[in-house]
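Engineer:
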Amino acid sequence: MLLEHASVITLLINALELISLIVIIILILLLRRNRPSTLEDFQTALNGLNTILTTYKQNVLIPKIENLKKEHDLNPESQSNSIEVYRVEKEELINVAVNETFSKFLDKRLVSRLENYYTRDGLILFIVTYFRG
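Count the sequence shown with the working numbering and you get residues 34 to 166, in order.
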């Protein structure tokens with residue numbers, strides 16, 4: 034009978050050790066996952082963002098804006114001057130480009146790294162400024 038109690042106690046101790054080990058592993062994984070972003074991570078994410086924005090602007094946005102320029106008379110002295118209409122349509126193109134870039138081309142992990150330094154609105158403003166420039 035005493036031997037049975039000893040084996041049960043040994044089993045309980047082994048189970049507690051196993052549970053403790055599992056808890057420690059889970060804590061380590063959580064701490065590694067939620068570690069603060071370093072400056073190097075931010076710089077890497079910002080370089081990735083700049084690459085995506087440059088590629089999109091060169092290959093998609095600039096050709097659309099050039100087509101828009103061809104459609105409108107931008108001569109200020111002309112009677113059929115449509116500079117204001119051009120500006121409005123260009124802003125609409127930029128807004129569409131920002132939404133498309135943010136929703137389709139930016140990875141969630143990239144955005145989450147950048148959001149450690151920028152708010153979502155600040156990130157959108159950064160993209161809009163980049164496309165306007």
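All C-beta atoms in this analysis are idealised placements derived from N, C-alpha and C, irrespective of residue type, glycine included. These numbers come from a predicted model, not from an experiment.
Measure the C-alpha to C-alpha separation of V129 and T71 and round it to an integer number of angstroms.
Structural biologist: Whole-angstrom Cα-Cα distance: 32 angstroms.
Engineer: Write down the C-beta distance between I116 and F135 rounded to the nearest angstrom, noting that I regard them as a contact closer than 8 angstroms.
Structural biologist: Not really, about 29 angstroms apart at Cβ, beyond 8 angstroms.
Engineer: Going by other Cβ atoms of all chains shown within 10 Å of its Cβ, with 16 needed for buried, is I127 buried or exposed?
Structural biologist: buried
Engineer: Using DSSP with H/G/I as helix, E/B as strand and the rest coil, what is Y151?
Structural biologist: coil
Engineer: Helix or strand or just coil, what does DSSP make of N47?
Structural biologist: helix
Engineer: Taking only runs of the alpha helix (DSSP H) that begin and end inside the region 43 to 130, which ones reach a length of at least 4 residues, in chain order?
Structural biologist: 72 to 89, 95 to 104
Engineer: Does the distance from the CB of F75 to the CB of R153 come in under 9 angstroms?
Structural biologist: no
Engineer: Does DSSP put L143 in a helix, in a strand, or in coil?
Structural biologist: helix
Engineer: Measuring straight from C-alpha to C-alpha, what distance separates T162 and I59?
Structural biologist: 42 angstroms
Engineer: Using the Cα positions of E140 and Q112, report the straight-line distance between them to the nearest angstrom.
Structural biologist: The sequence given here has Asp at residue 140, not Glu. Rounded to the nearest angstrom, the two C-alpha atoms are 47 angstroms apart.
Engineer: In whole angstroms, what separates the C-alpha of A78 from that of N149?
Structural biologist: 11 angstroms
Engineer: Could you compute how far the alpha carbon of K97 sits from the alpha carbon of E73?
Structural biologist: Spanning the alpha carbons of K97 and E73 requires a straight line of approximately 35 angstroms.
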